[in-house]
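J.: Residue numbers (the working numbering), protein chains in the order written: chain A, 2 to 172; chain B, 503 to 707.
1) Quick one: is residue 556 of chain B near chain A, going by C-beta distance under 8 Å?
2) Could one say the Cβ of residue 37 of chain A lies closer than 8 Å to chain B's Cβ atoms, at least one of them?
3) Taking only beta-carbon atoms, is residue 673 of chain B less than 8 Å away from chain A?
4) Please tell me whether residue 119 of chain A has its Cβ less than 8 Å away from any Cβ of chain B.
5) Return no unless some Cβ of chain A is closer than 8 Å to the Cβ of residue 668 of chain B.
6) Roughly how many whole angstroms lie between the Cα atoms of residue 88 of chain A and residue 655 of chain B?
7) What residues in the region 33-65 of chain A have a beta carbon less than 7 Å from any beta carbon of chain B?
8) Return yes when the Cβ of residue 55 of chain A is within less than 8 Å of the Cβ of residue 95 of chain A, no when it is not.
9) By DSSP, does residue 155 of chain A sit in helix, in strand, or in coil?
10) For the candidate residues A/53, A/69 and A/59, whose alpha-carbon lies nearest to that of residue 117 of chain A?
11) Can you tell me the Cα-Cα spacing of residue 548 of chain B and residue 145 of chain A, whole angstroms?
12) Any idea what DSSP makes of residue 621 of chain B, helix, strand or coil?
13) Take residue 155 of chain A and list the residues in its own chain whose beta-carbon comes closer than 8 Å to its own, dropping the five residues that flank it on each side.
14) Can you check whether the C-beta of residue 83 of chain A is within less than 8 Å of a C-beta belonging to chain B?
15) At which residue ranges does the region 560-595 of chain B contain complete beta strand (DSSP E) runs of 3 or more residues, listed in the order of the chain?
16) Might you give, ordered along the chain, the residues of its own chain that have their beta carbon closer than 7 Å to the beta carbon of residue 29 of chain A, omitting 5 neighbours on each side?
17) Where does residue 594 of chain B land, buried or exposed, given buried means 16+ other C-beta within 10 angstroms?
18) Specify the secondary structure class of residue 101 of chain A as computed by DSSP and reduced to three states.
19) Are residue 664 of chain B and residue 90 of chain A close, meaning C-beta to C-beta below 8 Å?
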């Protein structure tokens, strides 16, 4: 009885406080610009990897927590590592996007693992993934579906080559 | 009389030149390979597995081809596709020569990878890629043969799991002999270079 009365009295105050805080500072998502977003589509019902470059124009680091999608039943933030000649993949809680910096989800590193597509995703399709950040804010981002043997987001999303990636000239 | 004086050294030179040419083709002559040279340090290509058409195959079935052997699995959404995509780029850079090479993608996930799944998977990367499956024992034997390793990680709540596996690519010449090992950090140019050498030499058919 008593406690519920206190709750009902403090709730509006709390909400007002949150609103004030919200207006004073933009959300994590408002500081993030996503580019080079693509999905490597694999045949059948196999899980796919999604990649994106995130740029943070804010003064504070932003944590990418994960993502959700209406197309895939499950989306997990993963990191591949290749240490001691062994390839491993593990789930991670967050990827930090430094203040005034960027973080890349790219092959052989951080990626979103997309599982159990509700409908087949075809090369050329655009799939919206909703990125989730540390403060709970979200950013709907369009990912382009690329063939299994693609190296990056494609020509129209020109991207610097990877450390051991393709070189344009012969030996 | 007089002509004989120059004929003899000329003949000698011709003999020498022939010898050099023959020597260049000799098997034992070391090739200027750029990647980690494993010639003589790893056993010849040998296995008994099933290809992605469901046919029983052995290492001998790929003699005559330069073989790129890589271990992975299809439920691997990041590193395996990246490696196979990179190998596809390498094959494209080889042009028509690439027909003399085969990418053998051996599944380290016998529980989930069937020939049919492997067929769709490897063909999404390169038409010269072959998916190989086998029972756990056969795959382990092949993996051990090349001092490679794989470990099935604990399953998640939904039953899905990952497999940690060696990331190296083993390259065999047309006679099935182990020649070079490409690690993920190896340069693509060096792989193309070495494949050129191996494809240009020792053609058995």
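All residues carry an ideal CB built from backbone N, CA and C; glycine is no exception. Keep in mind the model is a prediction, meaning the values are calculated, not measured.
T.: From the atom records:
1) With 8 Å as the cut-off, residue 556 of chain B does not count as an interface residue toward chain A.
2) By this cut-off, residue 37 of chain A is not an interface position.
3) Look at residue 673 of chain B: its C-beta is not under 8 Å from any C-beta on chain A.
4) With 8 Å as the cut-off, residue 119 of chain A does not count as an interface residue toward chain B.
5) Against chain A, the CB of residue 668 of chain B has a partner CB under 8 Å away; the residue lies at that interface.
6) Linking residue 88 of chain A to residue 655 of chain B through their CA atoms gives a straight-line distance of about 12 Å.
7) Per Cβ criterion, the list reads 41, 43, 44, 45, 47, 48, 49 and 50.
8) No, these two residues do not count as a Cβ contact at 8 Å.
9) Of the three classes helix, strand and coil, the one that applies to residue 155 of chain A here is coil, per DSSP.
10) Distances from the CA of residue 117 of chain A to each of A/53, A/69 and A/59 were compared; the closest alpha carbon is that of A/69.
11) So the alpha carbons of these two residues sit roughly 41 Å apart.
12) For residue 621 of chain B, the secondary structure class from DSSP, reduced to helix, strand or coil, is helix.
13) Counting only Cβ-Cβ distances below 8 Å, and skipping sequence neighbours, we find 39, 145 and 147.
14) True, the Cβ-Cβ gap to chain B drops below 8 Å.
15) Within the region 560-595 of chain B, the beta strand (DSSP E) runs of at least 3 residues that lie entirely inside it are, in chain order, 568-574.
16) Residues 63, 134, 135, 136 and 138 of the same chain have their beta carbon placed closer than 7 Å to that of residue 29 of chain A, with the five preceding and five following residues left out of the count.
17) Taking all protein chains shown into account, residue 594 of chain B has fewer than 16 neighbouring C-beta atoms within 10 Å of its C-beta and is therefore exposed.
18) Residue 101 of chain A: coil per DSSP, three-state reduction.
19) Yes, Cβ-Cβ distance for residue 664 of chain B and residue 90 of chain A is below 8 Å.
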